[in-house]
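First the structure, in the form of structure tokens, and then the observations on it.
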Amino acid sequence: RSALSLGRKMSDEYHRLSIFFFPFLTHSHMIPTVNMAKLFAEKGVKATIITTPLNKPFISKAIGKSKTNGKNINIQTIEFPYAEAGLPDGCENIDSIPSPDLFEPFCMATSLLQEPLEQLLEKQSPNCIVADVFFPWATDSAAKFGIPRLVFHGTGFFSLCAITCMTLYEPCNDVSSDYESFLIPNLPCEIKMTRMQLPPFVKSKEKTGLAKLLEEAKESDLRSYGVVVNSVYELEKVYADHFRKVLGRKAWHIGPLSLCNKGREEKERIVKEAYMDEHECLKWLDTKKPKSVVYVCFGSVVNLTDSELREIAMGLEASGQQFIWVVRKSGNDGEEWLPDGFEKRMEGKGLIIRGWATQVLILEHQAVGAFVTHCGWNSTLEAVTAGVPMVTWPIDAEQFFNEKLLIEVLKIGVPVGAVKWVRLEGDNVTLDAVEKAVKRIMAGEETIEMRNRTKLLSHLAKKAMEEGGSSYTDLDALVEELSSLSH
Ligand code: UDP
Numbered sequence: 493r494s495a496l497s498l499g500r501k502m503s504d505e506y507h508r509l510s511i512f513f514f515p516f517l518t519h520s521h522m523i524p525t526v527n528m529a530k531l532f533a534e535k536g537v538k539a540t541i542i543t544t545p546l547n548k549p550f551i552s553k554a555i556g557k558s559k560t561n562g563k564n565i566n567i568q569t570i571e572f573p574y575a576e577a578g579l580p581d582g583c584e585n586i587d588s589i590p591s592p593d594l595f596e597p598f599c600m601a602t603s604l605l606q607e608p609l610e611q612l613l614e615k616q617s618p619n620c621i622v623a624d625v626f627f628p629w630a631t632d633s634a635a636k637f638g639i640p641r642l643v644f645h646g647t648g649f650f651s652l653c654a655i656t657c658m659t660l661y662e663p664c665n666d667v668s669s670d671y672e673s674f675l676i677p678n679l680p681c682e683i684k685m686t687r688m689q690l691p692p693f694v695k696s697k698e699k700t701g702l703a704k705l706l707e708e709a710k711e712s713d714l715r716s717y718g719v720v721v722n723s724v725y726e727l728e729k730v731y732a733d734h735f736r737k738v739l740g741r742k743a744w745h746i747g748p749l750s751l752c753n754k755g756r757e758e759k760e761r762i763v764k765e766a767y768m769d770e771h772e773c774l775k776w777l778d779t780k781k782p783k784s785v786v787y788v789c790f791g792s793v794v795n796l797t798d799s800e801l802r803e804i805a806m807g808l809e810a811s812g813q814q815f816i817w818v819v820r821k822s823g824n825d826g827e828e829w830l831p832d833g834f835e836k837r838m839e840g841k842g843l844i845i846r847g848w849a850t851q852v853l854i855l856e857h858q859a860v861g862a863f864v865t866h867c868g869w870n871s872t873l874e875a876v877t878a879g880v881p882m883v884t885w886p887i888d889a890e891q892f893f894n895e896k897l898l899i900e901v902l903k904i905g906v907p908v909g910a911v912k913w914v915r916l917e918g919d920n921v922t923l924d925a926v927e928k929a930v931k932r933i934m935a936g937e938e939t940i941e942m943r944n945r946t947k948l949l950s951h952l953a954k955k956a957m958e959e960g961g962s963s964y965t966d967l968d969a970l971v972e973e974l975s976s977l978s979h
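Numbering of the sequence shown is given in full-length UniProt numbering, commencing with residue 493 and proceeding in unit increments.
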């Protein structure tokens with residue numbers, strides 16, 4: 493059979509596939525999930541993104557013209573009874589929780605979405621559901637309707653392996669202090685951690701709240717059909733193999749998902765509105781020399797304290813480097829976090845974006861030479877894809893694992909020296925540490941080598957998504973397998 497007729501046959505078969513995509517209610521899970529849905533839709537699959545009413549506008553914006561361009565991509569909303577869960581009015585996204593204390597109640601309350609999801613499964617009979625790791629009950633929901641459930645963790649293979657081995661062997665119980673390092677057993681490389689770098693609920697013997705949710709997630713993950721990973725085989729080869737062959741998990745690597753957005757207009761549409769006119773910010777970058785600006789951003793949920801923000805400001809100033817710094821503050825939050833006269837002194841040299849930046853476009857700009865990041869997986873992968881080395885400043889979640897990958901395995905980063913996992917607020921880091929790390933990444937002895945290594949990885953990441961590339965092929969394999977299951 494000719495390649496053309498084979499292609500047509502595959503596309504016809506895929507056309508019959510209908511898949512639900514159900515991201516956790518936070519931007520960093522919604523962004524890659526929408527991108528994933530777009531990729532599946534490009535293969536002819538009917539993609540339906542499930543979300544709650546207040547999150548729908550973000551998702552519609554990110555889908556943009558995909559639908560009108562002939563792709564079968566839809567949104568279905570289900571009600572999140574946040575009031576019943578005791579959450580503040582309109583609280584449907586991690587982004588809108590008023591304090592870190594509500595993080596856990598918010599996560600727990602999302603189990604209320606099970607019933608409305610099942611009603612939708614009954615009504616629409618999809619062939620598969622790709623549901624977030626934070627919805628452990630989704631495996632049972634899928635089973636009720638006899639369809640496979642795939643898990644989306646939102647992180648890469650290195651962290652998936654490290655977390656799996658941490659939960660299997662619990663090496664953190666073998667040390668006598670929070671500062672003593674322990675080796676994570678059964679990983680391909682020697683990776684050491686301390687208890688300080690782990691969330692409190694992982695260390696506690698009592699499995700309640702989030703610890704219980706994660707136990708359930710682990711168990712449901714093992715019963716699921718497999719795992720879809722936003723990563724590139726060539727980036728974490730050893731760990732991708734380890735996850736499948738040694739830890740025995742079925743997984744598909746289909747990233748970097750951010751590359752599904754092609755032109756500038758599509759990239760600008762990423763989920764939230766930009767606070768500052770992005771054209772202004774890009775125009776500012778246009779005036780700068782190649783690789784002469786540091787981009788500083790801590791993702792979509794981290795809220796650093798005023799004193800931490802002041803240390804960053806002073807550290808950036810002392811580094812003498814030009815910068816774009818995204819601060820999750822609005823004009824109404826007051827300016828106590830800014831050192832006196834800072835913006836005036838930094839005029840032309842540094843730009844502060846209050847709110848939301850079009851990160852992918854900034855990272856891709858030739859004037860950007862380094863990225864100070866909290867090591868959220870999306871940010872990490874976006875920087876690798878853009879070929880930008882990083883100053884690593886993990887805060888919470890699995891970010892300390894991602895830092896290990898960047899520093900010890902890929903060797904494309906400089907650590908700022910954060911030692912402690914602190915939910916959403918982060919560990920205190922001094923201005924000296926910021927200054928030193930920024931100088932080292934921009935103009936240190938290893939700068940050129942790190943840039944070359946990142947450039948190579950960027951090339952491999954882009955190739956992976958092209959026709960015949962590793963991610964492209966793995967996505968095809970996944971769609972074909974799901975298609976054969978649905979017959
Ligand atoms: N992001 C963005 N602009 C911002 C802040 C974040 O576009 O001002 C995007 C970023 O590109 C990434 C996501 O939000 O895709 C953040 O995800 P990540 O996993 O890095 O961190 P999290 O938000 O989970 O802490």
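All C-beta atoms in this analysis are idealised placements derived from N, C-alpha and C, irrespective of residue type, glycine included.
None of these values were measured; they are calculated from a predicted model.
Taking alanine 929 and valine 883 to be in contact with their CB atoms under 8 Å, please state how far apart those CB atoms are, rounded to whole angstroms. 5 Å
CB valine 721 to CB leucine 652, shorter than 9 Å? yes
List the residues that DSSP assigns as beta-bridge partners of methionine 838. Answer is none; methionine 838 lacks a bridge partner.
Three or more C-beta pairs closer than 8 Å, one from the segment 899-919 and one from the segment 957-968: is that the case here? no
DSSP state of threonine 659, grouped into three classes? helix
Grab the span of the beta strand (DSSP E) containing lysine 737 for me, first residue to last. Counting along the chain, lysine 737 falls outside any beta strand (DSSP E), and DSSP gives it neither H nor E.
What did DSSP end up calling aspartate 624 once you bin it into helix, strand or coil? strand
Could you tell me the distance, in whole angstroms, from the CA atom of phenylalanine 863 to the CA atom of valine 788? 6 Å
Counting contacts by CB-CB distance shorter than 9 Å, is isoleucine 621 in contact with chain C? Here there is only one protein chain, and chain C is not present.
Applying the 10 Å Cβ sphere with the 16-neighbour rule, what's the burial state of proline 515? buried
Along the chain, where does the alpha helix (DSSP H) containing tryptophan 913 start, and where does it finish? That residue, tryptophan 913, is in no alpha helix (DSSP H); it is neither H nor E in DSSP.
In whole angstroms, what separates the C-alpha of glycine 847 from that of isoleucine 589? 16 Å
If you run the structure through DSSP and keep just helix, strand and coil, what is serine 963? helix
Does DSSP put glutamate 972 in a helix, a strand or coil? helix
Are valine 876 and proline 748 close, meaning C-beta to C-beta below 9 Å? yes
Identify every residue that forms a DSSP beta bridge with asparagine 566. Thr540
Out of Leu916, Val911 and Leu902, which has the shortest C-alpha to C-alpha gap to alanine 889? Leu916
In the DSSP assignment, what residue or residues form a beta bridge with proline 907? Thr884
Note down, one range per segment and in chain order, each beta strand (DSSP E) of at least 3 residues found wholly within the segment 691-744. 718-721
Going by the beta-carbon positions, is the gap between residue 444 and valine 643 smaller than 9 Å? Residue coverage of the chain in this structure runs from 493 to 979, which leaves residue 444 outside it and unanswerable.
Glycine 538 and leucine 517: beta carbons closer than 9 Å? This sequence places lysine at residue 538; glycine is not what is there. No; because the gap between Cβ atoms is not below 9 Å, this pair is not in contact.
Limits of the alpha helix (DSSP H) - the one that residue 984 falls within: Outside the displayed span of the chain (493 to 979) sits residue 984, for which this structure offers no information.
The ligand UDP heavy atom lying under 8 Å from the CB of tryptophan 829: no
Count the other CB atoms, across all protein chains shown, that sit within 10 Å of the CB of glutamate 584; report buried if there are 16 or more and exposed otherwise. buried
Cutting at 6 Å between CB atoms, please list the residues of its own chain near phenylalanine 512, excluding the five before and the five after it. Thr540, Ile542, Pro618 and Ile621
Give me the Cα-Cα distance between arginine 802 and lysine 548, rounded to the nearest whole angstrom. 35 Å
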